[in-house]
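Numbering (the working numbering), first residue to last: 2 to 184.
Cβ atoms here follow ideal geometry from the backbone N, Cα and C, with glycine treated the same way.
Here is the structure we will look at, set down as structure tokens.
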């Protein structure tokens, strides 16, 4: 299923936009999140994030499989998938957005701050968000990072009363990707 999902994202992205545009791709991006409180450390990471962006238009798309998140403790991972994100019912999360390419020179080494605006879908809920991002060009290699926060309630993710003190209503998300030219 994962391979079909990646191929679908690639084909959809290739069919939209300019034929001459430079597209960059990764399927090994990472997303880390922290949702703990003083009573409990809760963090997880997903190292199989798919992302495609078009350097000519600024269009960018991310896709992740929810079950790809790994926790330090198996029970946390089980609760995350079964009770909170319901990953059998809602197996993926996506982001489709755009950034201002005029502020980034993908052919010159440097760090380029940007703002990415788009639609984040989690738990079958879509919301418009605007997040800071950073592109880095180093000897022709392009990478990007972003750190932002979301509210669980915005995505209809309910936390049972018994664990409300252990799970933060606000989640910090860190995204990191290293890209290759899509040929």
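Query raised in the report: Whose C-beta lies closer than 7 Å to the C-beta of residue 169 among residues of the same chain, with five residues either side of it excluded?
Result: For the purposes of this step, residue 169 is taken as the residue at position 168 of the chain shown. So the list reads 36, 37 and 38, once near-sequence residues are dropped.
Query - Spatially closest choice to residue 147 from 156, 134 and 140, by CA coordinates - result: Indexing the chain shown from 1 puts residue 147 at position 146. Checked all of 156, 134 and 140; the closest Cα to residue 147 is 134.
Query raised in the report: Is the beta carbon of residue 25 sitting closer than 8 Å to the one on residue 143?
Result: Counting from 1 along the chain shown, the entry for residue 25 is found at position 24. Counting from 1 along the chain shown, the entry for residue 143 is found at position 142. A contact, by the Cβ cut-off of 8 Å.
Query raised in the report: If you draw a straight line from the alpha carbon of residue 80 to that of residue 178, how long is it in whole angstroms?
Result: By 1-based counting over the chain shown, the position of residue 80 is 79. By 1-based counting over the chain shown, the position of residue 178 is 177. Taking the straight line joining both Cα atoms gives about 27 Å.
Query - Inter-residue CB distance, residue 88 and residue 67 (contact presumed, cutoff 8 Å) - result: One-based indexing of the chain shown puts residue 88 at position 87. One-based indexing of the chain shown puts residue 67 at position 66. Correct: roughly 4 Å between the Cβ atoms.
Report task. For residue 23, name the three-state secondary structure that DSSP assigns. Result -> Your numbering for residue 23 matches position 22 in the chain shown. Correct three-state label for residue 23: coil.
Requested in this report: Taking only runs that begin and end inside the segment 72 to 115, name each unbroken alpha helix (DSSP H) of 4 or more residues, in chain order.
Outcome: 75 to 80
**Report entry** Rounded C-alpha distance that separates residue 56 from residue 127
**Finding:** Along the chain shown, read from residue 1 onward, the residue named residue 56 stands at position 55. Along the chain shown, read from residue 1 onward, the residue named residue 127 stands at position 126. Their Cα atoms are separated by approximately 25 Å.
Query - Own chain residues within Cβ distance below 6 Å of residue 1, not counting five before or after - result: Outside the shown range of the chain, which is 2 to 184, sits residue 1, and nothing can be said about it.
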